[in-house]
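Notes to accompany the following structure.
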Amino acid sequence: MSVDDRPLASFRVSMRDIDIYGHVHNSRYLDYCEDAVVEFLRQRQILSHFRHTSSGVAYHVKKAEITFHSPIDLDDVVEAKVDVEKIGRTSLSFAIELFRQRDGAHCASAHFVWVCVGLSDSRPTPIPEATRAALSPG
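Sequential numbering of the sequence shown, starting at 33, is according to my numbering.
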């Protein structure tokens, strides 16, 4: 397994995440994806770029989209992979993939779009160059 193939984050499904049908409630998948993006930023040591107190800007979720492929059950270990799909002038997009560890099943694909906004007016503002550089490959 190459470095790029390794999961970015993994976690075990808790009882609180289970719906009446015995698998993870649909809304929890978005939480898992958001946690994976935060872990992605943490591992790159750029989480401070996304804290309004240290960056001077904020990021609002513009779009969150998820496609379900296979259910996740209680006590499953879920592995997440995250990629930056696109960095625009004022927005950035993440692709998140969730996999079930026990059999490698691809459980969900998600896409988030975040918009960079000014603190004083919450209007779209250009992504700071330091953040853009930190997110760019290479």
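Heads up, the beta-carbon is just placed ideally off N, CA and C, and yes, glycines get one too.
Exclusion of the five residues before and after residue 133 leaves 109, 111 as the residues of its chain whose Cβ lies within less than 6 Å of its Cβ. For secondary structure counted as the alpha helix (DSSP H) over 4 or more consecutive residues, the segment 39–97 holds these complete runs in sequence order: 58–75, 84–87.
Residue 132: member of the beta strand (DSSP E) spanning 123–132, first to last residue. As computed with DSSP, residue 102 is found in no beta bridge at all. Cβ neighbours of residue 60 within its own chain (closer than 6 Å, five residues either side excluded): 49.
Residue 140: member of the beta strand (DSSP E) spanning 138–150, first to last residue.
Relative to the Cα of residue 140, the nearest Cα in the group 117, 130, 69, 67 belongs to 130.
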